[in-house]
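As structure tokens, the structure follows; a few thoughts come after it.
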Amino acid sequence: MGSALYKHINKFIDLSNDEQEILARFLKSFSVKKKAFLLEEGQTCRANYFVAKGCLRLYFIDIKGAEQTTQFAIENWWITDLTSFLFQEQSEFYIQAAETTEVIAIEHHHYDEMFHKLPKLERYFRLILQKNHQATQRRIKFLYSQTAEERYRHFNSLFPEFVQRVPQYMLASYLGFTPEFLSKIRAKK
1 MGSALYKHIN KFIDLSNDEQ EILARFLKSF SVKKKAFLLE EGQTCRANYF
51 VAKGCLRLYF IDIKGAEQTT QFAIENWWIT DLTSFLFQEQ SEFYIQAAET
101 TEVIAIEHHH YDEMFHKLPK LERYFRLILQ KNHQATQRRI KFLYSQTAEE
151 RYRHFNSLFP EFVQRVPQYM LASYLGFTPE FLSKIRAKK
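All residue numbers for the sequence shown refer to UniProt numbering, where the first residue is 1 and numbers rise by one.
Below, the structure is given as structure tokens:
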């Protein structure tokens, strides 16, 4: 499972075999069953999660009691509640497996030592954070500048296989509309 992470890291920085061995000491690999939680509201997020295989989602419950998905993480993506993780405070989010998922976690208490022993990883995580921020900005722009149907068509054109992987209600929540509306859009095909 770690090889997926090492390949991903090596797309951004060069990590030698010796450095991979050092990094391995900070990694925790495990499997999460579909619908299981890595984090629930009120808990403190203690790790940053890399998806080796599968899909995780980050969501919150809005004032009407509806789930609002804010992020998905599929293969080669990281996911965490960044505020809870960085400041070690209670989370307002859930992290749940949308399908059975193979995860590699780096726990919060390992970060300082990991960066001390492998300083080049700071560059890797900075680049990942930049990509994540850019994707979030783009998503927010699409939520405000496109119709619901345009958002679905655009997302489907970028990620057609992903649209088939996740439950319809999760996808609808992420795109900012109801599952019923998504059914109507799909029926128009």
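C-beta atoms are modelled at their ideal positions from N, C-alpha and C, and glycine is treated no differently.
In this structure, Ile95 and Leu56 form a Cβ contact; the two beta carbons are roughly 6 Å apart against a cut-off of 8 Å. Boundaries of the beta strand (DSSP E) around Ser31: Leu27 to Val32. In the displayed model, Glu21 falls within a helix according to three-state DSSP.
Ser91 is the residue among Pro160, Ser91 and Glu75 whose C-alpha sits nearest the C-alpha of Leu82.
In terms of CA proximity to Glu150, Arg186 leads the group Glu161, Tyr169 and Arg186.
Judged by DSSP secondary structure, Asn48 falls within the beta strand (DSSP E) whose first and last residues are Ala47 to Ile61. Between the C-alpha atoms of Ser145 and Gln20 there is a straight-line separation of about 43 Å.
Judged by beta-carbon spacing, Phe162 lies beyond the 8 Å limit of Ala172, meaning their Cβ atoms are not closer than that value.
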